[in-house]
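Written out below as structure tokens is the structure these notes cover.
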Amino acid sequence: MTAPKPYAVPDATKAAFQANNWTSTLLKNNAYQPIETYCRKPKPQTGEDAFISTIINTPTTIPHLLTLQRKPGQLAKVPAGAPSLPAPPEQWAKIPSNQPADVVNLLYFGEPDLNGHPGIVHGGIISTLLDDLMAISVAAHIPDFDFADVNKFGQLFTMQLDVRFKRPVRTGAHAVLRTWCIGNEGRKWWVRAQLAQEESPIKPNGEKVEWVKKKYVCADAVGFFIMVKDSKL
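So the sequence shown is numbered by the UniProt record's numbering: it starts at 1 and just counts up by one.
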């Protein structure tokens, strides 16, 4: 695969993720490189991606989001063929424990404007993020792919997204979204994703967590995407 374009991480974004031990460690992983998160780039001429690039790109929503893509020579080969979907989660394609994610997204969830329940990110926001960010794994496996060059590549559409919520996602906290391509058949792509957070720094009894915090998968998802040229729409 061709290496993605160099991207200079904004100082405020870098500082936000260096401030947390977990995300700071991921930021230093030399197997990954930062890339521009295309869906977070405002496109006023077309209005594309307005929700994720503008509405939830504020200090009280998601002020910081950084995409780290595994370097091309280290990406795992995508299995050929289609996984058997739809299916219950226990039948979803398994991710080998030793297979690193294609893409790692670092996020900081602000507050209070993402709240569904108090202090908890609304599930619709989580689903929206999964929808947009899972597609980046597909792009990582297509040579020279450019989301902006629809004439050459077409557009990537979500055909199916199955999300299972396992734990609440806290606002005022960091999170990590990992994605893996699990199948490819021509223009069709299948992707797995897991959104994780650390345990709350405050225990139920009010005590602070002093040592390394546990990480929990809060949302698990599988998606089916298809690349479509304008002439086919």
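Note that the Cβ used here is the ideal one computed from N, Cα and C, for glycine as well.
Local Cβ density within 10 Å of residue i, reported as buried at 16 or more and exposed below that
| i | result |
| --- | --- |
| P4 | buried |
| V176 | buried |
| N29 | exposed |
| D146 | exposed |
| Q69 | buried |
| residue 235 | Residue 235 is absent from the structure shown; the chain starts at 1 and stops at 233. |
| T67 | buried |
| T23 | buried |
| F157 | exposed |
| S137 | buried |
| A8 | exposed |
| S84 | exposed |
| H64 | buried |
| S53 | buried |
| N184 | buried |
| G132 | Reading off the sequence shown, one finds Asp at residue 132, where the question assumed Gly. Classification of D132: buried, given that the 10 Å Cβ count is 16 or more. |
| T60 | exposed |
| N21 | exposed |
As assigned by DSSP and simplified to three states, the class of residue i
| i | result |
| --- | --- |
| E48 | coil |
| D162 | strand |
| Y7 | coil |
| I198 | Here residue 198 is Glu; the residue named in the question, Ile, does not match the sequence. E198 falls in the strand class under three-state DSSP. |
| T67 | strand |
| K14 | helix |
| F153 | helix |
| I226 | strand |
| I62 | coil |
| I56 | coil |
| Q99 | coil |
| P143 | coil |
| P88 | coil |
Segment limits, alpha helix (DSSP H) that includes residue i
| i | result |
| --- | --- |
| N21 | N21 to L27 |
One or two residues paired with residue i in a DSSP bridge
| i | result |
| --- | --- |
| G183 | W190 |
| K43 | Beta-bridge pairing links K43 to no other residue. |
| L215 | As written in the sequence, residue 215 is Lys, which differs from the Leu given in the question. In DSSP, K215 forms a bridge with E198. |
| A80 | N184 |
| H174 | Y108 |
| A221 | V163 and A193 |
| L120 | The sequence given here places Ile at residue 120; Leu does not occur at that position. I120 is bridged to R170. |
| N115 | V121 |
Residue range of the unbroken beta strand (DSSP E) whose run includes residue i
| i | result |
| --- | --- |
| I136 | Not the beta strand (DSSP E): I136 falls in the alpha helix (DSSP H), residues G123 to A140. |
| N30 | Here N30 belongs to no beta strand (DSSP E), and DSSP marks it neither H nor E. |
| V104 | V103 to F109 |
Same chain only: Cβ atoms within 8 Å of residue i, ignoring 5 sequence neighbours per side
| i | result |
| --- | --- |
| K166 | Y216, V217, C218, A219 and D220 |
| K74 | Note on identity: in this sequence residue 74 is Gln, with Lys being the wrong assignment. Taken in chain order, the residues that qualify are A31 and P100. |
| A148 | Y38 |
Beta-carbon proximity list for residue i, same chain, < 6 Å, skipping 5 on both sides
| i | result |
| --- | --- |
| K213 | E198 and E199 |
| M134 | T179, V191, A193 and G223 |
| V121 | F109, L114, V169 and T171 |
| K229 | G154 |
Cutoff 7 Å; reference residue i; Cβ partners in own chain excluding five residues on either side
| i | result |
| --- | --- |
| A50 | none |
| G123 | G116 and F165 |
| A139 | F145 and F147 |
8 Å Cβ cutoff, residue i in contact with chain C
| i | result |
| --- | --- |
| L65 | You won't find chain C in this structure, because it holds only one protein chain. |
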